[in-house]
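Colleague: Residue numbers (our numbering): 5 to 143.
The beta-carbon is built from N, C-alpha and C at its ideal position, and this holds for glycine as well.
All values derive from a computational prediction rather than experimental measurement.
Quick one: the structure is below, and I'll ask about it shortly.
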């Protein structure tokens, strides 16, 4: 398993729990911890679906103009090519797992953003829209 690494100061941490290199399987399971006020820029998982499940905390998942706040243990299935922005708008860390086919993981270092006016090289992510119904499918 890959060692845990910090993406940027006070940014998300990523820990590959299962990956093709270490385990030889077709699925990758990644644990991501997003600190309060931090998010991940809009991205997709290529030509595959991905399952996101917050284990602890609340994860704001924005797809287009729709936002859904997912509580712990309430997952969402992202459609093939669906672009999402992930945010932790709470005051506590959010731990989530992502299950997707091996090799489709977006490099997380390029996705880390802060929602507090940070102007570091990671850039500032716009605040997600208000909480209307999401286009994503809850599981």
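What is the DSSP secondary structure of residue 78, counted as helix, strand or coil?
Modeller: Correct three-state label for residue 78: coil.
Colleague: Rounded to the nearest angstrom, what separates residue 36 and residue 44 at their Cα positions?
Modeller: One C-alpha to the other measures close to 11 Å.
Colleague: Name the one or two DSSP bridge partners that residue 47 has.
Modeller: Beta-bridge pairing links residue 47 to 88.
Colleague: Going by DSSP, which residues form a beta bridge with residue 52?
Modeller: Note: residue 52 sits in no beta bridge, so no partner.
Colleague: Just mark residue 74 as buried or exposed, buried being the case when its beta carbon has 16 or more other beta carbons within 10 Å.
Modeller: With 16 or more other Cβ atoms within 10 Å, it is buried.
Colleague: So, is residue 82 buried or exposed, given that buried needs 16 or more other C-beta atoms within 10 angstroms?
Modeller: Residue 82 should be labelled buried.
Colleague: For residue 58, write down the residues that DSSP places opposite it in a beta bridge.
Modeller: Partner(s): 100.
Colleague: Check residue 23 in the structure and name its three-state DSSP category.
Modeller: Coil.
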